[in-house]
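Below is one structure, written out as C-alpha cells, with a few remarks after it.
Residue numbers (my numbering): 307 to 426.
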C-alpha cells in the first residue's frame, strides 16, 4: 500500500505508487497515483485535477512539500514535468529501483533530492 502524506494531506493510492505536492499555504499543487489506471477495487482518497489546468509558475524561493512512494525515477520526473511543464531528466544513471521521499524545500532542493535536473 502506497501512502503519501504531507503536513495537511494524505493520499492513499492503494497498491500503486503515489506523488503528492503541497504548497506553502497547505494547498495541493499536484497529485497522482501510479499506475495511472486504478482498478475499480482500489479506493483513492483524493480527486484528480481538472483537465487543461494551467501549469504552475513557481517562485524559486517558495517552500513546498513533495512526497512520493514506490516510484521509479521516470515516474518522479513525469510528476515534475506535469507540475511545471518543464523537461526533467535523471542526474545520474544506474540509480534504478523504486524510491520514497517526503521533504519540504524549494523546487530546486526537491529536484536535487529526487536525483533529477532540468534539461537544458
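The beta carbon of each residue, even a glycine, is placed where N, CA and C say it ideally should be.
Being a predicted model, the structure only gives us computed values, none of them experimental.
Subject >> Segment limits, beta strand (DSSP E) that includes residue 325 >> reply: From DSSP, the beta strand (DSSP E) with residue 325 extends over 323-328.
Original post:
Between the C-alpha atoms of residue 322 and residue 339, what's the straight-line distance to the nearest angstrom?
Top reply: In this structure, the alpha-carbon of residue 322 lies about 7 Å from that of residue 339.
Subject >> Test item: CB-CB of residue 330 and residue 379 under 8 Å >> reply: No, the Cβ-Cβ distance between residue 330 and residue 379 is not below 8 Å.
**OP:** State the Cα-Cα distance for the pair residue 404 and residue 381, rounded to the nearest angstrom.
**Re:** About 9 Å.
Original post:
Of the choices 308, 372, 320, whose alpha-carbon is the least far from that of residue 333?
Top reply: Of the candidates 308, 372, 320, the one whose C-alpha sits nearest the C-alpha of residue 333 is 372.
Original post:
Among all the DSSP beta bridges, which residues are the ones paired with residue 423?
Top reply: Answer is 395.
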